[in-house]
Amino acid sequence: MPSLYSVPIENLKGIGKKRAEMFNRLGVYSVGDLLEFYPSRYENWSQITDISQAPINENVCIKATVGSFINTVRTKGGRILSKFSAFDHSAGVEIVFFNNRYINSMISYGDTLLFYGKITRSVSGLQMLSPQFQKCDAVSDSAGYKPIYRLTGGLQNRIVSNAVKTALEMLPQNVRDPLPQALREKFSLCDYKTAIEQVHFPQNGAQLEQARRRLICQELFILMQGMLKLKKAGKSSTEYKLCKDYTDEFSSLLQFDLTKAQLNAIHDCINDMTNGENAMSRLVQGDVGSGKTAVAAAVCYSAVKNGWQCAFMAPTEILARQHHESLSRLFENSGINVDLLTGAVSESQKKIVRQKTASGETDIAVGTHALITDKTRFNNLGLVITDEQHRFGVSQRAKLVSKGDNPHLLVMSATPIPRTLGLIIYGDLDISVIDTLPPGRHKIDTFLINKSMHSRACNFIKEQIKSGRQAYIVCPLVEENDTDVASADEYAAELMLKEFSDIPVGILHGKMKSAEKEKVITQFEKGEISVLVSTTVVEVGVNVPNATVMMIENAERFGLSQLHQLRGRVGRGSEKSYCILVSESKNPDTLDRLETLCKTNDGFKIADADLHQRGPGDFFGERQHGLPKLAIADFADRENLETAKKMGEYFEENKNAFSASEISTLNACTKRLFNREGYNILN
Ligand code: ADP
Ligand code: MG
38 MPSLYSVPIE NLKGIGKKRA EMFNRLGVYS VGDLLEFYPS RYENWSQITD ISQAPINENV
98 CIKATVGSFI NTVRTKGGRI LSKFSAFDHS AGVEIVFFNN RYINSMISYG DTLLFYGKIT
158 RSVSGLQMLS PQFQKCDAVS DSAGYKPIYR LTGGLQNRIV SNAVKTALEM LPQNVRDPLP
218 QALREKFSLC DYKTAIEQVH FPQNGAQLEQ ARRRLICQEL FILMQGMLKL KKAGKSSTEY
278 KLCKDYTDEF SSLLQFDLTK AQLNAIHDCI NDMTNGENAM SRLVQGDVGS GKTAVAAAVC
338 YSAVKNGWQC AFMAPTEILA RQHHESLSRL FENSGINVDL LTGAVSESQK KIVRQKTASG
398 ETDIAVGTHA LITDKTRFNN LGLVITDEQH RFGVSQRAKL VSKGDNPHLL VMSATPIPRT
458 LGLIIYGDLD ISVIDTLPPG RHKIDTFLIN KSMHSRACNF IKEQIKSGRQ AYIVCPLVEE
518 NDTDVASADE YAAELMLKEF SDIPVGILHG KMKSAEKEKV ITQFEKGEIS VLVSTTVVEV
578 GVNVPNATVM MIENAERFGL SQLHQLRGRV GRGSEKSYCI LVSESKNPDT LDRLETLCKT
638 NDGFKIADAD LHQRGPGDFF GERQHGLPKL AIADFADREN LETAKKMGEY FEENKNAFSA
698 SEISTLNACT KRLFNREGYN ILN
């Protein structure tokens, strides 16, 4: 029996070349793929709601009798409008169709039908616009739950659902289950065949839940297994071994003492690079302001003193330039060459730097994506560091690593993500956490205000400036060309005219040329500008310790983690710092969400709240994390994530209890999930 993954979709009855192409567009190539093309939602036709009890504007199914003739009129705009009244024992509703010429031939006075759609309230009473409808007896054989699939142009839901029906008939009785039996029993998961059948055509709500739980846990478990394999595969032995640890020497260059947490992270890295058989792949995770740059600098220092080159990649020009500057300053008298390579660097200068990296003259190359273009070569690349790692995909990281001969890899992230999720996202890395902030940091006092308190807030900012401090004001996105919110330029102009007429104000936004951005940031760093009006381009890494206030306009437009990142631009020095969130929102959920920030400065707690409220999209722009696309699971689903994690532990502990065929079925599944995304997972 050939695997259903090797049976092309065209082999199904009713699927010709053209339809097959449509399925391909949805990522469905084989019959096996089709079975894993899960419904995106369901219409529940089995639960009939009384018209009088139906919630407004939510999908409901009503069973109603047509109580009038169908009145068809042509509107002024040329649309055909068909209306009739219908009723059940509880109430009546007006049913309206637009441009459906066939209504008259399908529905008649006196028919009792099921209608599925949203009920709205109009001046004339309850209305249901363009509902779906079917005869009452049609429902019993589809058991009420109608699967709704993601579609593409030309492909109707009915075609997908029929194709799935045919495919299900091809599923052999004894199909191999990707999850070993003992694992299923331990975690009360139903078998694969039942799950697949019920997820497409559920008999009832309970069966559907059971099927979904089984498939979600399977997917997350397999994802974790794959990440583990990637981690093992990524471990390749390296020639680069540290002979000596120079951390003490490095410490004497600093103005401050490293915290214990920083030292621990540094030692983890030094240890990996000294003793490990394999190249280091380590994530250093620490909240904003925890001092990750010093950790990176320490690790670079030892690497360079041992004769290696380092590459240090940051996600933005601003951050790259800033790292370049602080490393240059720090290593000024150490005989270490630090060079900058970003898109904004002039072509002639880029050429010079590339020659220096290729010859080995550059010890530390700091830069943006320009570091991973084909033109950049290294002579002796022993260590690769990426900052704010969540902005880079796994593949970009891999590309930078490929510039050397198995160099060590250190990634740094300020995005505190819940632990279970971290296991998946960073499953291919070892992790060090910097869990304390440098001493003397005050909690950033955070306030949520509305526009009526705006000028008071501005006065507060002015007072701070008078006492020598600086401020950020984050205005709504200019990049998005929103018309209902002021752009950075206009907004700054307004501030300069009104509130801050006697205060130097600078503007920073993503549309500015790099040179302009650089100029403004330098002015802000030097204190020539007191207020920096900016878009979220300041989010990542900007470090001006004298800035003590940040005001964020339209705070409701941002995710909590992003606000926390933004807020991390203040509170970087010894002065007490403040964050003012401005929002006109009246929505209690939104205000509640923003209150989270007023209550805590703990990035992990905030991340957890964020993940819970908004899902993972906020942590990683869509797909940026470079993980396989999930067919059914959701990273925000904590309960199933926990189960999947426990499944992983159980699997590891009881490996010998599973049969060879169970293991090979599981491995094949893992491989399929990852290979689809271009990862090469062996065995
Ligand atoms: P992040 O972890 O957000 O990248 P940075 O590395 O930018 O944080 O550090 C934030 C600020 O804290 C910087 O001004 C840095 O010089 C300072 N800093 C870092 N480590 C210490 C320390 N151990 N003691 C005092 N200040 C420190
Ligand atoms: Mg940083």
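The sequence shown begins at 38 in our numbering and counts up by one.
Even for Gly, the Cβ is constructed at its ideal location relative to N, Cα and C.
Start and end residues, alpha helix (DSSP H) containing residue i
i	result
Pro625	Pro625 to Lys636
Tyr528	Ala525 to Leu534
Pro121	For the sequence presented, residue 121 should be read as Phe rather than Pro. Element bounds for Phe121: not the alpha helix (DSSP H) but the beta strand (DSSP E), Ile117 to Phe124.
Thr680	Arg675 to Glu690
Gly69	Val68 to Leu72
Met587	Looking at the DSSP string, Met587 is not in any alpha helix (DSSP H); the run it does join, the beta strand (DSSP E), is Ala584 to Ile589.
heavy atom of the ligand MG below 7 Å from residue i C-beta
i	result
Asp309	no
Lys329	yes
Ala584	no
Asp305	no
Ala302	no
Ala334	no
Ala451	yes
Asp294	no
Asp424	yes
Supposed contact pair residue j and residue i - C-beta distance, whole angstroms, cut 8 Å
i	j	result
Asn580	Arg609	6 Å
Leu466	Leu320	4 Å
Ala508	Ala584	6 Å
Glu206	Leu163	Incorrect: roughly 42 Å between the Cβ atoms, too far for contact.
Ile643	Leu597	5 Å
Ile88	Ser127	5 Å
Leu290	Ser383	Not confirmed; about 30 Å, so no contact.
Phe415	Lys440	5 Å
Leu151	Cys173	6 Å
Ile233	Leu72	5 Å
His445	Ser614	In fact, because the Cβ distance is near 35 Å, the residues do not count as touching under 8 Å.
Endpoints, the beta strand (DSSP E) within which residue i is located
i	result
Ala402	Ile401 to Gly404
Thr311	Per DSSP, Thr311 belongs to no beta strand (DSSP E); it is in the alpha helix (DSSP H), Lys297 to Asn312.
Cys347	Gln346 to Met350
Gly564	From DSSP, Gly564 is part of no beta strand (DSSP E); its letter is neither H nor E.
Thr102	Asn96 to Val103
Arg506	That residue, Arg506, is in no beta strand (DSSP E); it is neither H nor E in DSSP.
Met165	Gly162 to Leu166
Under 8 Å between C-beta atoms of residue i and residue j
i	j	result
Leu15	Leu634	Here the chain covers residues 38 to 720 and nothing more, so residue 15 does not appear.
Tyr75	Ile669	yes
Val586	Ile540	no
Gly419	Tyr277	yes
Lys631	Ala673	In the sequence under discussion, the amino acid at residue 631 is Leu, which differs from the Lys named in the question. Cβ atoms of Leu631 and Ala673: not closer than 8 Å.
Val97	Ile156	yes
Ile486	Val619	yes
Ile481	Arg391	no
Met449	Ile510	no
Ile99	Phe121	no
Ser318	Tyr182	no
Phe287	Pro475	no
Ala302	Ile52	no
Glu167	Tyr186	A small correction: the amino acid at residue 167 is Ser; Glu does not occupy that position in the sequence shown. No, Cβ-Cβ distance for Ser167 and Tyr186 is not below 8 Å.
His601	Val325	yes
Asn417	Thr275	no
Ile373	Val341	yes
Val212	Lys230	yes
Any non-hydrogen atom of the ligand ADP within 7 Å of residue i CB
i	result
Asn417	no
Gly640	no
Gln322	no
Gly564	no
Ala326	Contrary to the premise, residue 326 reads as Gly rather than Ala in this sequence. The answer is yes for Gly326.
Gln507	no
Asn370	no
Gln299	yes
Pro352	no
Arg609	yes
Gly605	yes
Asn624	no
Would you call the region 346-366 and the region 397-413 touching, i.e. three or more CB-CB distances under 8 Å?
yes
Report yes or no: do three or more beta-carbon pairs, one from the region 249-257 and one from the region 302-321, lie closer than 8 Å?
no
Is the region 211-229 close to the region 683-695, with three or more CB pairs under 8 Å?
yes
Could you say if the region 281-296 and the region 317-335 meet the contact criterion of at least three C-beta pairs nearer than 8 Å?
yes
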